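In the working numbering, the protein residues as written are 328 to 720.
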């Protein structure tokens, strides 16, 4: 990996062990190589900034579909402030893709397969994003209310002809509401014309900071086949998404994220996290419930409910102890593939760590309480050594 002020290069490979129940290891991809290069450019006399990207990926499965991908992208962004204080960002994007895949019939979900052999496509996107902040006093502090509107237009894209390797877990969230493409990864592109709208609100006074984001989007065309029901994006009008963060003196932090069904106002995503402490000494607790109501054929989008706990405290300047646990609260009504019925310890970790100016060294004991994929229940031990500025072994 190489990073400087205007460029980024990464050459990587990934080998993973499955963590899905009844999922054979032969269906888990080996990604090698994964190459990503980006460069920012600016030209005298030309407004805005350009970014070029080249990306390639090869995926091999010993008992499944193989895929290769390469694309080149150019993006132009121009940000300006109007005389009335609006922040306006104009974006233009062009991308050319080439894909190759084989043994597509071994992929269970038909919409993920794509067509075998060589496939190509072109992508063009234009967008305008407008923010208008209003600042004022409020309860002894300062508040900033920022309405936001974005329009994105992308002509029809070849999606189902292309294998879907990295865009499967699509779900509307506050983090991707204003993204040019709400799909993760590169294999699926949300085409058509849509409008996203919402607002950010920030309140700050000594010892207290509150940040809230709420929004929705509206699409001028239906994407029922590309975006399955339950993702919050399948209809013209999307679900409502939002996030609220409350901080007290940078010691206590509460975060709540949600997605509300646009018709029934049912909570489709309910996530709450609480943190007490700082990066050296902290206690964390989290709760997540996904009620997407998606058919079981989409294994990447199943409903689930869980509790998370984590803690860390220093013993000396260099030594610290840490621990975490995950409790599965998902029942069979939420996910028929689950063996538990509402309460099940999944795993816990306990460890000690040494940190100084030269290295990070940790020893971790992990206990898994259930068999998940090829990871069997029982104890495992891990030693991690990170030589700073060199990497991890």
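Ideal Cβ positions, reconstructed from N, Cα and C, are used throughout, including at glycine.
Source: prediction; values computed, not measured.
{"query": "With distance defined between alpha-carbon atoms, name the residue in 676, 645 and 476 nearest to residue 688.", "result": "645"}
{"query": "Let's see if you can read the secondary structure: which residues bound the beta strand (DSSP E) around residue 481?", "result": "468-481"}
{"query": "With which residues is residue 543 paired in a DSSP beta bridge?", "result": "524"}
{"query": "Taking C-alpha atoms, which residue in 370, 541 and 386 lies nearest to residue 493?", "result": "386"}
{"query": "By the DSSP assignment, the beta strand (DSSP E) with residue 364 in it spans what residues?", "result": "357-368"}
{"query": "Just the Cα atoms here: how many angstroms apart are residue 366 and residue 424?", "result": "18 Å"}
{"query": "Using the three-state DSSP reduction, which class does residue 352 fall into: helix, strand or coil?", "result": "helix"}
{"query": "Leaving aside the five residues before and after residue 481 along the sequence, list all residues of the same chain whose C-beta is less than 6 Å from its C-beta, in chain order.", "result": "452 and 518"}
{"query": "Between 596, 613 and 384, which lies nearest to residue 313 when the distance is taken from Cα to Cα?", "result": "Lying before the first or after the last residue shown, residue 313 is absent from the chain, which here runs from 328 to 720."}
{"query": "Going by DSSP, what residues sit across from residue 422 in a beta bridge?", "result": "400 and 450"}
{"query": "Helix or strand or just coil, what does DSSP make of residue 433?", "result": "helix"}
{"query": "If I measure Cβ to Cβ from residue 709 and keep anything under 6 Å in the same chain, skipping five residues before and after, which residues do I get?", "result": "691"}
{"query": "Check residue 439 in the structure and name its three-state DSSP category.", "result": "helix"}
{"query": "By the DSSP assignment, the beta strand (DSSP E) with residue 574 in it spans what residues?", "result": "567-575"}
{"query": "So, residue 571 versus residue 539, is the Cβ gap smaller than 9 Å?", "result": "yes"}
{"query": "Grouping DSSP H, G and I as helix and E and B as strand, with all else coil, what is residue 560?", "result": "coil"}
{"query": "Looking at the unbroken beta strand (DSSP E) that takes in residue 596, where does it start and where does it end?", "result": "594-604"}
{"query": "Identify every residue that forms a DSSP beta bridge with residue 342.", "result": "357"}
{"query": "Could you give the DSSP three-state label for residue 628: helix, strand or coil?", "result": "helix"}
{"query": "Using the DSSP secondary-structure output, state which residues sit across from residue 679 in a beta bridge.", "result": "648 and 690"}
{"query": "Please determine if the stretch 456-465 and the stretch 483-501 are in contact, where contact requires at least 3 C-beta pairs separated by less than 8 Å.", "result": "no"}
{"query": "Run the CB neighbour count on residue 356, radius 10 Å, all protein chains shown included, and call it buried at 16 or more, exposed below.", "result": "buried"}
{"query": "Taking all protein chains shown into account, decide if residue 545 is buried (16 or more other Cβ within 10 angstroms of its Cβ) or exposed.", "result": "exposed"}
{"query": "So residue 492 is in the beta strand (DSSP E); what residue range does that whole segment cover?", "result": "Element bounds for residue 492: n/a, residue is neither H nor E."}
{"query": "Can you tell me the Cα-Cα spacing of residue 434 and residue 395, whole angstroms?", "result": "15 Å"}
{"query": "Short of 6 Å in beta carbon distance, which residues of its chain neighbour residue 611, apart from the five on each side in sequence? Order them along the chain.", "result": "602 and 637"}
{"query": "What's the gap between the Cα of residue 719 and the Cα of residue 650?", "result": "Note that residue 719 scores 45 on pLDDT, short of 50, meaning its location in the model is unreliable and no value can be drawn from it."}
{"query": "Do you know whose CA, among 427, 436 and 448, lies nearest residue 442's CA?", "result": "427"}
{"query": "Please identify the residue among 354, 438 and 333 whose C-alpha is closest to the C-alpha of residue 343.", "result": "354"}
{"query": "Excluding the 5 residues preceding and the 5 following residue 532 in the sequence, name in chain order all residues of the same chain whose CB lies nearer than 6 Å to its CB.", "result": "467 and 468"}
{"query": "For residue 585, count the other beta carbons within 10 Å of its own beta carbon; 16 or more makes it buried, fewer makes it exposed. Which is it?", "result": "buried"}
{"query": "So what's residue 621 in DSSP terms, helix, strand or just coil?", "result": "coil"}
{"query": "Can you tell which of 632, 514 and 382 has the C-alpha that lies nearest to the C-alpha of residue 659?", "result": "632"}
{"query": "Under a Cβ-count criterion, where at least 16 other Cβ atoms within 10 Å of its own Cβ denotes burial, should residue 567 be classed as buried or exposed?", "result": "buried"}
{"query": "Just to confirm my understanding: we take residue 413, look at its own chain, exclude 5 residues before and 5 after, and list those with CB closer than 8 Å. What are they?", "result": "457, 458 and 459"}
{"query": "Does the beta-carbon distance from residue 595 to residue 615 come in below 9 Å?", "result": "no"}
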